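> Quick one: the structure is below, questions incoming.
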Amino acid sequence: MSGSQARTPPRALASPAGFSVVELLVTTALVVVIAVPAIARLDAGLGRVRAEAGARQVAARLAAARAHALSSGRSTAVRFERSADTIRMAQVLDGNGNGLRTVDVMSGVDRRVRRPVRLEELVPGARFGIAADLPAIDEESGLAAGSKPIRFGDSDMASFSARGTATPGTAYVRGPDSEQYAVRVLGATGRIRVLRFDRMRGLWLTR
149 MSGSQARTPP RALASPAGFS VVELLVTTAL VVVIAVPAIA RLDAGLGRVR
199 AEAGARQVAA RLAAARAHAL SSGRSTAVRF ERSADTIRMA QVLDGNGNGL
249 RTVDVMSGVD RRVRRPVRLE ELVPGARFGI AADLPAIDEE SGLAAGSKPI
299 RFGDSDMASF SARGTATPGT AYVRGPDSEQ YAVRVLGATG RIRVLRFDRM
349 RGLWLTR
């Protein structure tokens with residue numbers, strides 16, 4: 149072979165499929181830019197799902213207590229038991245026919261018929277709480293962030309009688325962010341309602 153061998157000009161780095169490394173990097177960056185807002189929206193959506201699921205778990209516990217009172221002919225309640233950093237729900241039954249009283253629960257006369265359970269055990273990410281300042285449902289004044297989330301009088305018991313009446317009140321449930329729900333019991337009928345706070349409109353909406 150005469151003369152020097154012709155030198156092939158260097159090629160751009162390329163993948164086996166024919167894309168250059170630069171093109172792959174640009175494509176990856178675009179995917180990340182598009183995906184991040186979508187992931188954020190998905191995470192917010194999951195927070196709302198957890199909050200509503202938590203509220204519905206509370207409503208289900210209250211409905212079970214109401215059904216037990218009607219079927220057994222004895223007052224039954226969901227007692228919200230506070231500890232240092234959480235609140236447990238326990239179903240208790242009137243043991244002496246004089247209604248449900250804290251002193252009787254503490255002495256064992258009014259006994260628990262279901263073990264106490266934390267809402268976080270039932271729905272991870274949901275808990276009792278007031279995430280931000282809210283207009284009240286039952287009270288005339290508003291609710292301050294971090295204030296008492298269980299509002300069933302001084303006893304913290306949502307009690308249902310064999311006649312179908314109940315202790316009126318509200319339990320406030322929040323999600324991992326600022327999603328806010330409430331579970332309300334109506335006194336005259338014992339009806340249980342789940343509500344969601346719409347922050348855009350500043351209103352409580354029935355679910």
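Mapping of the sequence shown onto the working numbering: residues 149 to 355, in sequence order. By construction, the Cβ of each residue, glycine as well, lies at the ideal position given by its N, Cα and C atoms. Computed from a predicted model, the values in this text were never measured in an experiment.
If we count the other Cβ atoms within 10 Å of its Cβ and call it buried at 16 or more, is D233 buried or exposed?
The residue is exposed, with fewer than 16 neighbouring Cβ atoms inside 10 Å.
> Following the continuous alpha helix (DSSP H) through E268, name the residue where it begins and the one where it ends.
First-last of the alpha helix (DSSP H) with E268: 267-270.
> Can you round the beta-carbon distance between A199 and A274 to whole angstroms, since I take them to be within the 8 Å contact cut?
Contact holds; Cβ gap of about 6 Å.
> Are the CB atoms of S303 and T250 nearer to each other than 7 Å?
Cβ distance < 7 Å, so S303 and T250 count as in contact.
> For the beta strand (DSSP E) containing V342, name the first residue and the last one.
Segment 340-346, the beta strand (DSSP E) holding V342.
> What is the rounded straight-line gap between the Cα of F300 and the Cα of R341?
Distance between the alpha carbons of F300 and R341: 15 Å.
> Would you tell me roughly how many angstroms separate the C-alpha atoms of R360 and G350, rounded to the nearest one?
It is not possible to answer for residue 360, since the shown part of the chain is limited to 149 through 355.
> Out of R262, V253, A207, R311, which one is the CA nearest neighbour of L218?
If we check each option's Cα against that of L218, R311 comes out closest.
> Do R332 and G277 have their CB atoms nearer than 7 Å?
Contact: no.
> Return the residue from the list S307, L267, R236 that minimises the CA-CA distance to D258.
With distances taken between Cα atoms, D258 lies closest to S307.
> My understanding is that G290 touches L282, with C-beta atoms under 8 Å, so please give their C-beta distance in whole angstroms.
Contact flag correct, Cβ pair sits at about 6 Å.
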